[in-house]
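Quick note, the sequences are listed as chains A and B, same order.
Going by UniProt numbering, the first sequence opens with residue 1, and the numbers climb by one from there.
Going by UniProt numbering, the second sequence opens with residue 1, and the numbers climb by one from there.
Structure first, then comments.
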Amino acid sequence: MSLSSVVIVGAGQAGFQVAASLRQGGFTGRISLINNEPGLPYQRPPLSKAYLLGKITASNLAFRPEAFFDQQQIELLQDDAIAIDRQNQHVVLASGKSLQYDHLVLATGAHNRPLSVPGDDLQGVFGIKTLADADALAPRVKDARNVVVIGSGFIGLEFAAVAAALGASVHVVDLGDRPMARAVSSEMAAVFRQTHESWGVQFHFHQGVTRLIGENGQITAIETTDGKVLPAELLVYGIGVIPNITIANEAGLAIENGIKVDANLLTSDPHISAIGDVACFPCIQNEGEHTRIESVPNAMEQARTVASRLLGNASPFNALPWFWTDQGNLKLQIAGLSSGYDNTVILGSEATQQFSVLCFRKGQLVAVESCNRPGDHLAGKKILSRPPELTSAEASAPDFDLKTWELAHRP
Amino acid sequence: MPTITLIEHNGTQHSIVGEVGQSVMQAAMNAMIPGIQGDCGGACSCATCHAYVDEAWVKSVPPAEECESDMLEFASARQDNSRLTCQLVIHDDMDGIVLHLPESQY
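Rendered as structure tokens:
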């Protein structure tokens, strides 16, 4: 396949990485990277933690400095893709420009699911998705005394840990029965709950929000579904995201919980790939089910897979999913997907906050969740990436050590 | 600005200029050095920016903190002089430092 132009829509982690990997792999054609946000492409994970605490500056968030894009001849366009003309292989931009592509990569990401309750237009209500969101939020966190967080996923809890560390009284409201219910085992969730509570965070589970209460346009409190009123000068919500499928859908590409792609990350049009948060791909770690994964490592690996294919080395995407979150002194790293697990084995000590939860499904190891045990995380990644499989019986033996087992079972 | 030399496993040598306060990982990624992945962006979460500090320079870098040494314990082909370059913050005394890259980050 000979390509002379690649257009990438979306300059987040996935889109940027395609451009970088193509150049690193020797691609000499035109690369256009369409960024619908101002400034240089940047990493998002620190926005809900280190960046709010001032531990990392905006210039350090950029993936690369401006000169990199010139040196590598990556055309960075501050613009928005509004339509795809598949017949003529053109992308139409909001500015009126039209870009021809030999191959198009859709890395359009996702946007925050809106809160959609009365009062959600009050000042002091924030989602955290963009640098602009974090910049608007940062000065308010330092002064806020009463903070409410809606949703106890990674983003909500990372923010709760920041707000608590800065001295605010923090209430977290969630429809589920435990923190990070979608992502981690109940054993891991229990330790995160206790630790957050030790920082003064108060949880309200099985609760939704009925309305936000304000004065002079500024939020002052919220009301929960059981009628409780919680004071709030600041509210942050993190209740999931919605994939940005509009242009793909309007162009007639197959859609299924995102842009549907095959094992090679190709959409229903062989000239168009989709990657990152927006892509719904057949996931071997999820029994081949079409799955959408919202994580930086997934975005990076999918980008590399597509870049390799465009450079002539096609291979199906099969990277092990992994995730991390930093909350206060807790570093949680997850290797694999724990969905549908039916058995767990705990290694280490929950009391010292250094432990791992091995999640098994039908006797097979499917995920390793490590809290402040990064060695277990790396061992878990290796074990999950290849046979032989660790059984729960072996892992339950006294003095079982994951790292030792991995070393002893290397091929 | 300190100069850093990175030598790939195949012997290819790269001399790059880093900024004080930046990590060696970031400087290497800005210069497109093959072999430094930096998947987690410097959060000490992935161990894909592993390198060996040249023996002559080991004393010029501060020792690894707990998270880094725990990750390193499990990096591929770990040696005594192994470091995660996201945790190596460039300072003036590192001008001329030499690092060797492992065969693979995985």
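Cβ atoms here follow ideal geometry from the backbone N, Cα and C, with glycine treated the same way.
#1: Note the first and the last residue of the continuous beta strand (DSSP E) segment covering Q194/A.
#2: Against D326/A, what residues of chain B qualify as contacts under a CB-to-CB distance less than 7 Å, listed in chain order?
#3: Could you tell me how far apart the beta carbons of Q24/A and A299/A are, in whole angstroms, since I believe they sit closer than 8 Å?
#4: Mind pulling the beta strand (DSSP E) runs of 3 or more residues that sit fully within the region 12 to 93 of chain A?
#5: Please report the residue range of the alpha helix (DSSP H) in which Q302/A lies.
#6: Between L84/B and A47/B, is the Cβ-Cβ spacing less than 8 Å?
#7: Among all the DSSP beta bridges, which residues are the ones paired with E19/B?
#8: Do you know whose CA, among P46/A, W322/A, Q89/A and A189/A, lies nearest L99/A's CA?
#9: What residues from the region 269 to 299 of chain A come within 9 Å of chain B, judged by C-beta to C-beta, listed N to C?
#10: Per DSSP, what kind of secondary structure is H111/A in: helix, strand or coil?
#11: Taking the C-alpha atoms as reference points, what is the distance between E369/A and S338/A?
#12: Taking 8 Å as the CB-CB cut-off, is T49/B touching chain A?
#13: Relative to the alpha-carbon of A11/A, which residue among N216/A, A67/A, G156/A and I275/A has its alpha-carbon at the smallest distance?
#14: Closest to L131/A by CA distance: which of L61/A, L310/A and K382/A is it?
#15: Any residues in the region 168 to 201 of chain A with a beta carbon nearer than 8 Å to a beta carbon of chain B? Which ones, in chain order?
#16: At the level of alpha carbons, what is the spacing between L76/A and R64/A?
#17: Reducing DSSP to helix, strand and coil, say where T391/A ends up.
#18: Give a yes or no on whether the minimum CB-CB distance between N30/B and chain A is below 8 Å.
#19: Just list the residues that DSSP pairs Y237/A with in beta bridges.
#20: Answer with yes or no whether the minimum CB distance from M25/B to chain A is below 8 Å.
#21: Under a Cβ-count criterion, where at least 16 other Cβ atoms within 10 Å of its own Cβ denotes burial, should V296/A be classed as buried or exposed?
#22: Taking 8 Å as the threshold (beta carbon to beta carbon), is F355/A in contact with chain B?
#23: Strictly under 8 Å for the Cβ-Cβ distance: is F360/A near chain B by that measure?
#24: Do T130/A and the ligand COA come close, with the Cβ less than 7 Å from some heavy atom?
#25: Residues of the region 73 to 97 of chain B in Cβ contact with chain A at a cutoff of 8 Å, in chain order, please.
#26: Any beta carbon of chain E sitting closer than 8 Å to that of P102/B?
#27: Could you name the residues of chain B that L253/A contacts, counting a contact when the two beta carbons are closer than 9 Å?
#28: From L347/A to F400/A, what does the alpha carbon distance come to, in whole angstroms?
Looking at the coordinates:
#1: Careful: Q194/A lies outside any beta strand (DSSP E), inside the alpha helix (DSSP H) at S186 to S198.
#2: Going along chain B in sequence order, the residues near D326/A (Cβ under 7 Å) are A43.
#3: Not confirmed; about 16 Å, so no contact.
#4: Runs of the beta strand (DSSP E) inside the region 12 to 93 of chain A: 30 to 35, 74 to 78, 81 to 85 and 90 to 93.
#5: It spans V296 to L310 - the alpha helix (DSSP H) in which Q302/A sits, taken as one unbroken run.
#6: Between L84/B and A47/B, the C-beta spacing is below 8 Å.
#7: The secondary-structure analysis by DSSP pairs E19/B with nothing; it has no beta-bridge partner.
#8: For the residues P46/A, W322/A, Q89/A and A189/A, the minimum Cα distance to L99/A belongs to Q89/A.
#9: From the region 269 to 299 of chain A, only V296 and P297 have a Cβ closer than 9 Å to chain B.
#10: In the displayed model, H111/A falls within a strand according to three-state DSSP.
#11: One alpha carbon belongs to E369/A, the other to S338/A, and they sit about 9 Å apart.
#12: Note that residue 49/B is Cys in the sequence shown, not Thr. Chain A, which has no Cβ nearer than 8 Å to the Cβ of C49/B, makes this no.
#13: A11/A has its Cα closest to that of I275/A, out of N216/A, A67/A, G156/A and I275/A.
#14: The candidate whose alpha carbon is nearest that of L131/A is L61/A.
#15: For the region 168 to 201 of chain A, which is checked against every Cβ of chain B, not one residue is closer than 8 Å.
#16: Our two residues, L76/A and R64/A, have alpha carbons roughly 12 Å apart in a direct line.
#17: It is coil, neither helix nor strand.
#18: Chain A has a Cβ within less than 8 Å of the Cβ of N30/B.
#19: In DSSP, Y237/A forms a bridge with G127/A and I150/A.
#20: Chain A contact via Cβ: absent.
#21: Counting of Cβ neighbours within 10 angstroms places V296/A among the buried residues, the total reaching 16 or more.
#22: Chain B contact via Cβ: absent.
#23: Cβ-Cβ to chain B under 8 Å: no for F360/A.
#24: This structure lacks the ligand COA, and indeed carries no ligand of any kind.
#25: Legend: CB atoms of the region 73 to 97 of chain B lying less than 8 Å from CB atoms of chain A belong to residues E73, F74 and A75.
#26: Here the protein chains are A and B, and chain E is not one of them.
#27: Correct list: empty, because the minimum Cβ distance to chain B is about 28 Å.
#28: Straight-line spacing of the CA atoms in L347/A and F400/A works out to 8 Å.
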